[in-house]
Each structure stands twice: as structure tokens, then as C-alpha cells.
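Novice: Take a look at this one; I'll ask things after.
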Amino acid sequence: MLSIRNLTAGYGNVEALHGIDIEIADGEIVALVGGNGAGKTTLLMTICGRPQPWTGDIVFDGRSLVGLPTFQIARRGVAHVPEGRHIFPRMSVLENLKMGALLADPKQFDADLAYVLDLLPHLKPMLANRGGTLSGGEQQMLAIGRALMGRPKMLLLDEPSLGLAPLTAQLVFSIIAKINKERGTTVLLIEQNAYQALKLAHRGYVIVNGKITQSGPCADLLADPAIQAAYLG
Ligand code: ATP
């Protein structure tokens, strides 16, 4: 589904990603874990076209994304749930969900809304509320719901548990698992919460200072003493 080869990218003349290689199969959940400033967000942003890659290729569903503007990458079926949610605070919950449906076939709207509200029942009584009045956890669910309204083939999730109470974070992780199981949506999940991310995902990658240092099935990564010492406390 996604093949990233020898990717370098950065800001100005500062290189933040140094030759990244990542493969994600259709229907997989892959976790990318790493500390602050390792390059996780930059990688997701680069997949979405801002910044553009300096070298290397990003092939999604058989075609390169390099050089495409972000809206065309979204049209190809990539949905990004950014760090900090970035819902539209002055729009209602329903309007936020409608924004996510802009790229979808309008005939699918009712079915997609029903699916999202079934998946995220917390949002049901809040459809008329402004997004900005929701709690952090509710906003995270709204950001995920908004992304799903476009029927993406792949979800890119940037630190979905950040700033959430542990129980709410658990709920968000279980929702991600459900989306993957029920819809077969491929997921790239980046997290500082390495333990939860590796428990949820099928395979994982570790990124340190813009380079992938380890990869493999999550069970192997969770059992690795170096990863335990660095990320699992
Ligand atoms: P965090 O978990 O703290 O969000 P991260 O792993 O997502 O970290 P990035 O935000 O991708 O890391 O940052 C990677 C590097 O790129 C860091 O050195 C950071 O300072 C730098 N960087 C990130 N955004 C910008 C920007 N807009 N302009 C210049 N440098 C940036």
C-alpha cells in the first residue's frame, strides 16, 4: 500500500529525514515510534506533500506521490489526522464531519455519517456543538471521524493519544483497531506512547534522529531490551 524508499526531507537547508525506508502492506497497522524531534511528524507531513521529499520516492497504491499537492494526495485516499487534532473549532461537529466528506461521493454521505456515529457514539449528542467546546478526547474522535468521512484507504495518525487521560487514550487505540478490523483501512500510527502503539500495531519501526534504526513484528520490538530501556520505561 505504501512504499517509502530512501526518503530525505527537511526544512530550509536542514535535513530532518535521512534516507527513510518503510513498507506498509494493505490492511496493516504499522507503528512508528521515537522520541521528541526524531522526525515522526515530518515523515507524515512529507507523505502528505508538505514539505516535499528532497530525494527518494513515496509510492502509494502503486503510484508515486512525489510532486503532488496535498489535496491530490488526499484524493488518492490518504487521510491525515494531525498532531493536536486541528478540528475546526468554530464549526459544529456535524460541519467538521461534512468537511471530511468533501472529497467523497455525496451519495455516500448518509451511510458514512451513520458509520462514523456508530463507531464514535460520543459524538452523536454533540452534532450541533462547536468543535472548540469539545474535550481533548472528543476532539480526537472528531478528527478521526472527519478523516473517515473521506473513505480513506490509509489513515496517518499523528500522536492520537497525546494529552489524553489514560482511559481515553485506550478508547482511541481501540477505535483505531476497530477501523482497521472492520474496514480494512491501512494505518500508519506515530506515537511517543511506544508501548500502546506497539501493542496495537502489527509491525513497528523505530526512528532516531531522522533514521530508522529498527523494524520488525511488534512482539519482537516489545521484547527487545534496547527498546524497553529507551521507550518502554
Ligand atoms: P515530536 O514528537 O516532538 O513532535 P517528531 O518526532 O514528530 O517530534 P519532528 O517534529 O518531525 O519530530 O521534528 C524533526 C526535526 O525537524 C526536529 O529537529 C525539529 O526541530 C525539526 N523541525 C520540525 N518542524 C520544523 C519546521 N517547521 N521548521 C524547521 N525545523 C523543523
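Just so we're aligned: the sequence shown equals residues 18 to 250 in the numbering used here.
Glycine is no exception: its CB is placed at the ideal position from the N, C-alpha and C atoms.
Since we're looking at a predicted model, the values are computed, not measured.
Assign His103 to one of three DSSP states: helix, strand, or coil.
Specialist: His103 falls in the coil class under three-state DSSP.
Novice: Tell me, to the nearest whole angstrom, how far the beta carbon of Pro106 is from that of Gly149; I am working on the premise that it is less than 8 Å.
Specialist: Yes, Pro106 and Gly149 are in contact; Cβ-Cβ is about 3 Å, under 8 Å.
Novice: Tell me, which residues are paired with Leu172 by DSSP?
Specialist: Answer is Ala96 and Val204.
Novice: Kindly indicate the opening and closing residues of the alpha helix (DSSP H) around Pro242.
Specialist: Looking at the DSSP string, the run of the alpha helix (DSSP H) that includes Pro242 is Pro242 to Tyr248.
Novice: Figure out for me which residue from Lys170, Val50, Asn210 and Gly167 has the closest Cα to the Cα of Gly180.
Specialist: Per the Cα distances, Asn210.
Novice: May I have the straight-line CA-CA distance separating Ala131 from Gln156, to the nearest angstrom?
Specialist: The alpha-carbon atoms of Ala131 and Gln156 are separated by roughly 18 Å.
Novice: Quick test of your reading: Val223 and Val50, contact by CB under 8 Å. State the CB separation rounded to the nearest angstrom.
Specialist: That belief holds up - the Cβ atoms of Val223 and Val50 are roughly 6 Å apart, short of 8 Å.
Novice: For Asn226, collect the residues of the same chain with a Cβ closer than 7 Å to its Cβ; drop the 5 residues on either side in sequence, then sort them by chain order.
Specialist: Same-chain partners within the cutoff: Ala55.
Novice: Provide the residue span of the beta strand (DSSP E) that contains Ala118, from first to last.
Specialist: Unbroken run through Ala118: none, as it is neither H nor E.
Novice: Please list, following the chain, all residues that have a C-beta closer than 5 Å to any non-hydrogen atom of the ligand ATP.
Specialist: Ordered along the chain, the selected set is Tyr28, Ala33, Asn53, Gly54, Ala55, Gly56, Lys57, Thr58 and Thr59.
Novice: Ignoring anything shorter than 4 residues, give me the alpha helix (DSSP H) runs that lie fully in the stretch 178-204, in order along the chain.
Specialist: Within the stretch 178-204, the complete alpha helix (DSSP H) runs of at least 4 residues are 183-200.
Novice: Can you tell me which residues form a DSSP beta bridge with His219?
Specialist: In DSSP, His219 forms no bridge with anything.
Novice: Quick one: residues in its chain with C-beta nearer than 6 Å to the C-beta of Ser81, no 5 flanking neighbours on either side, listed in chain order?
Specialist: Closer than 6 Å at the Cβ level, and outside the excluded window around Ser81, lie Asp74.
Novice: Answer yes if the stretch 188-206 comes into contact with the stretch 110-128, meaning at least three C-beta pairs across the two stretches below 8 Å, and no otherwise.
Specialist: No: the two stretches stay apart, fewer than three of their Cβ pairs being nearer than 8 Å.
Novice: In terms of residue numbering, what span does the alpha helix (DSSP H) encompassing Thr59 cover?
Specialist: Thr59 -> alpha helix (DSSP H) spans Lys57 to Ile64.
Novice: So Leu136 and Ile46 are in contact, right, with Cβ under 8 Å, and what is the actual spacing, rounded?
Specialist: Going by Cβ atoms, the distance from Leu136 to Ile46 rounds to 16 Å, so no, they are not a contact pair.
Novice: Checking the sheet assignment: what are the DSSP bridge partners for Val50?
Specialist: According to DSSP, Val50 bridges with Glu208 and Val223.
Novice: Whether or not the stretch 57-77 and the stretch 101-115 are in contact is what I'm after, with contact meaning three or more pairs of Cβ atoms, one per stretch, closer than 8 Å; do they touch?
Specialist: As far as the Cβ criterion goes, the stretch 101-115 does not touch the stretch 57-77, which means the pair count is below three.
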